[in-house]
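Trainee: One structure coming up, written as structure tokens, with questions to follow.
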Ligand code: PHB
């Protein structure tokens, strides 16, 4: 027997984008149902990147005290770019007067889930969307936790269901349909129990490849080093992992400690050919993915949501279609700026397996151009901290 629920907006995917959208809609009095194929525990424990732009933190402030980004997270006023054994600080305050917050995505998810449940949101875990029927009243065809058919009938469907989106096929005509680019490297990520090696993040370019020194807390650190995409995460001993990391961060001594988590992150750049069809729209990773260098992923998802929430307000409260018609074009401008920034940071800092001596020297010239130019530093800081929401 099929269970059918009716609502104004069906949101497929309870990641940061879907959850925040349900909050913004609720603030306008628009009811929604959010489903996700994962369990609450899976969602809250998936380890992802940790940098929030100032605009993202401000939007999260609207969920009230449930947002711990400012209390548990840490404000960062700069990053270090490191090459040829020397660190160069990019000062965000001095260049753009903004900051970022280090607060991991799964903590954002815990905050959002708690806030939405406390507000009485219809939020269902373990419900898998299988297809979306377009039409004046689009429908999400799903299976509930027990495998029984479950349908949501809505006035609008939003696909916030991540990089393996089901909603994407309903918008672009195929689950692949998009512009994309692969990279010949990946990141080996570790979590370790140790005090921080540095107060700010270090993005390091070395002849052996890229490394990122990030943090989680006073006792837990997150670090990554460039590796081959086919690397087996169990192939290294702890001592080897520290060697691999340390040789990519010459000039800074890393504080070592037990490594309790390791993963290999493959990455690519992707933008769906279409972001909206009729009464269905895509946001976040369902619409685009970026390589993690520069930490734009979640911030870009939140920027989509800000736009789409306003468009749905106009549509559902005033019958005004114009902001929705403009959504793909407006969202694309920021998406492609972020695609460029993420690609640029990635190619400037990593060493491609086929890099020639010329490529290496040119890359160092590029890094020097950035750190020695007020414009270079300002561009990096502006893109890292995030463009204003009107852009
Ligand atoms: C992280 O801390 O996980 C992190 C930080 C910055 C990035 C990517 C990942 O650019």
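In our numbering, the protein residues as written are 27 to 417. The beta-carbon is built from N, C-alpha and C at its ideal position, and this holds for glycine as well.
By Cβ distance below 8 Å, which residues in the same chain neighbour residue 140 in space, the five residues on each side in sequence not counted?
Mentor: Sequence index remark: in the chain shown, residue 140 carries index 114 (1-based). Within the same chain, residue 140 has close Cβ partners 92.
Trainee: Let me know if residue 42 comes out buried or exposed under the rule of 16 or more other beta-carbons within 10 Å of its beta-carbon.
Mentor: Position 16 of the chain shown, counted from the first residue, corresponds to residue 42. Counting Cβ neighbours within 10 Å, residue 42 comes out buried, since at least 16 surround it.
Trainee: For residue 202, count neighbouring C-beta atoms within 10 Å of its own C-beta (all shown protein chains included) and say buried if the count is 16 or more, exposed if not.
Mentor: As a position in the chain shown, residue 202 is number 176, starting the count at 1. Sixteen is the threshold: since fewer than 16 other Cβ atoms of the shown chains lie within 10 Å of the Cβ of residue 202, the residue is exposed.
Trainee: Would you say residue 145 touches the ligand PHB, meaning its beta carbon is less than 6 Å from a heavy atom?
Mentor: Here residue 145 is taken as the residue at index 119 of the chain shown, counted from 1. Checking the Cβ of residue 145 against the ligand PHB gives no.
Trainee: For residue 32, which residues from the same chain have a beta carbon less than 8 Å from its beta carbon, with the 5 sequence-adjacent residues on both sides left out?
Mentor: Taking the chain shown and counting its residues from 1, the one referred to as residue 32 is at position 6. So the qualifying residues of the chain are 178, 179, 180.
Trainee: What do you reckon, is the C-beta of residue 99 under 6 Å from a heavy atom of the ligand PHB?
Mentor: By one-based count along the chain shown, residue 99 stands at place 73. Every heavy atom of the ligand PHB is 6 Å or more from the Cβ of residue 99, so no.
Trainee: With a 10 Å radius around its C-beta and 16 neighbouring C-beta atoms as the bar for buried, classify residue 67 as buried or exposed.
Mentor: Position 41 of the chain shown, counting from 1, holds the residue named residue 67. Classification of residue 67: exposed, given that the 10 Å Cβ count is below 16.
Trainee: Assign residue 208 to buried or exposed, taking buried as 16 or more other Cβ atoms, counted over all protein chains shown, within 10 Å of its Cβ.
Mentor: In the chain shown, the residue the question calls residue 208 occupies position 182. Taking a 10 Å sphere around the C-beta of residue 208, we find fewer than 16 other C-beta atoms and assign the residue as exposed.
Trainee: Have a look at the DSSP bridge pairing and note the partners of residue 303.
Mentor: As a first step, residue 303 is located in the chain shown; it is residue number 277 there, counting from the start. Paired residue(s): 306.
Trainee: Keeping to the same chain, check which residues put their C-beta closer than 7 Å to that of residue 319; ignore five residues upstream and five downstream.
Mentor: For the purposes of this step, residue 319 is taken as residue 293 along the chain shown, with counting starting at 1. Counting only Cβ-Cβ distances below 7 Å, and skipping sequence neighbours, we find 368, 371, 372, 375.
Trainee: Please return the same chain residues whose Cβ sits closer than 7 Å to the Cβ of residue 336, not counting the five positions on each side in sequence.
Mentor: If you number the chain shown from 1, residue 336 lands on position 310. Only 349 meet the Cβ criterion.
Trainee: For the segment 380-392 and the segment 241-259, state whether three or more C-beta atom pairs, one from each stretch, are separated by less than 8 Å.
Mentor: no
Trainee: For residue 289, write down the residues that DSSP places opposite it in a beta bridge.
Mentor: As a first step, residue 289 must be located in the chain shown, where it is residue number 263. Residue 289 is bridged to 215.
Trainee: Can residue 41 be considered in contact with the ligand PHB, in the sense that its beta carbon sits closer than 6 Å to one or more heavy atoms?
Mentor: Residue numbering aside, residue 41 sits at position 15 when the chain shown is read from its first letter. No, since every heavy atom of the ligand PHB falls outside the 6 Å radius drawn around the Cβ of residue 41.
Trainee: Would you give the residue range spanned by the alpha helix (DSSP H) that residue 53 belongs to?
Mentor: Along the chain shown, read from residue 1 onward, the residue named residue 53 stands at position 27. 42-53 is the span of the alpha helix (DSSP H), which, as asked, contains residue 53.
Trainee: So, does the segment 103-119 touch the segment 131-139, judging by three or more C-beta pairs under 8 Å?
Mentor: no
Trainee: What are the start and end residues of each continuous alpha helix (DSSP H) run of 4 or more residues lying completely inside the segment 94-142, in chain order?
Mentor: 118-122
Trainee: Closer than 8 Å is the cut-off here; do at least three beta carbon pairs connect the segment 275-293 with the segment 210-227?
Mentor: yes
Trainee: Inspect the beta-carbon positions of residue 300 and residue 198 and report whether they are closer than 7 Å.
Mentor: Within the chain shown, the letter at position 274 stands for residue 300. Within the chain shown, the letter at position 172 stands for residue 198. Yes.
Trainee: Whose CA, out of 259, 125, 27, lies closest to the CA of residue 81?
Mentor: On the chain shown, position 55 is the one that residue 81 refers to. Nearest C-alpha to residue 81: 125.
Trainee: Comparing C-alpha positions only, which one of 48, 200, 185, 74 sits nearest to residue 146?
Mentor: Residue mapping note: residue 146 aligns to position 120 of the chain shown, counting from 1. For residue 146, the nearest C-alpha among the options comes from 48.
Trainee: Any idea what DSSP makes of residue 152, helix, strand or coil?
Mentor: What you label residue 152 is simply residue 126 of the chain shown in a count that begins at 1. Coil at residue 152, not helix or strand.
Trainee: Helix, strand or coil: which one does DSSP assign to residue 227?
Mentor: As a position in the chain shown, residue 227 is number 201, starting the count at 1. Here residue 227 sits in coil by DSSP.
Trainee: Is it the case that the segment 104-111 contacts the segment 227-238, given that we only count it when at least three CB pairs across the two stretches are under 8 Å?
Mentor: Short answer: they touch.
Trainee: Taking the alpha-carbon positions, what's the residue 269 to residue 77 distance?
Mentor: Reading the chain shown from its first residue, position 243 is the one you call residue 269. Reading the chain shown from its first residue, position 51 is the one you call residue 77. Cα to Cα, residue 269 sits roughly 26 Å from residue 77.
Trainee: Find the nearest neighbour of residue 332 within the set 101, 274, 86, 272, judged by alpha-carbon distance.
Mentor: Residue numbering aside, residue 332 sits at position 306 when the chain shown is read from its first letter. Looking at the Cα atoms, 86 is the closest of the given residues.
Trainee: One question on the structure: do residue 57 and residue 34 come within less than 7 Å of each other, judged by their Cβ atoms?
Mentor: Here residue 57 refers to the residue found at position 31 when the chain shown is read from its first residue. Here residue 34 refers to the residue found at position 8 when the chain shown is read from its first residue. Going by C-beta atoms, residue 57 is nearer than 7 Å to residue 34.
Trainee: Which residues are close to the ligand PHB, meaning CB closer than 5 Å to any heavy atom, in chain order?
Mentor: Those satisfying the condition are, in chain order, 75, 76, 77, 240, 248, 318, 321.
Trainee: Return the bridge partner residues of residue 208 from the DSSP annotation.
Mentor: Here residue 208 is taken as the residue at index 182 of the chain shown, counted from 1. Looking at the DSSP assignment, residue 208 forms a beta bridge with 294.
Trainee: Could you have a look at residue 77 and say whether DSSP puts it in helix, strand or coil?
Mentor: In the chain shown, the residue the question calls residue 77 occupies position 51. If DSSP states are grouped into helix, strand and coil, residue 77 belongs with the strands.
Trainee: Taking residue 158 and residue 196 to be in contact with their CB atoms under 8 Å, please state how far apart those CB atoms are, rounded to whole angstroms.
Mentor: Looking up residue 158 in the chain shown gives position 132. Looking up residue 196 in the chain shown gives position 170. With a Cβ gap of about 4 Å, residue 158 and residue 196 count as contacting.
Trainee: Roughly how far, in whole angstroms, is the beta-carbon of residue 215 from the beta-carbon of residue 190, given that I think they are within contact range, below 8 Å?
Mentor: Along the chain shown, read from residue 1 onward, the residue named residue 215 stands at position 189. Along the chain shown, read from residue 1 onward, the residue named residue 190 stands at position 164. The Cβ separation is near 20 Å, so there is no contact.
Trainee: Mind checking who residue 250 pairs with in its DSSP beta bridge?
Mentor: Residue 250 sits at position 224 when you count from the first residue of the chain shown. Looking at the DSSP assignment, residue 250 forms a beta bridge with 215, 238.
Trainee: State yes or no: is the C-beta of residue 28 within less than 7 Å of the C-beta of residue 151?
Mentor: Translated into positions along the chain shown, residue 28 becomes position 2. Translated into positions along the chain shown, residue 151 becomes position 125. Cβ distance not < 7 Å, so residue 28 and residue 151 don't count as in contact.
Trainee: When DSSP labels each residue in this structure, what does residue 185 get in the three-state scheme?
Mentor: Reading the chain shown from its first residue, position 159 is the one you call residue 185. DSSP places residue 185 in strand when its eight states are reduced to three.
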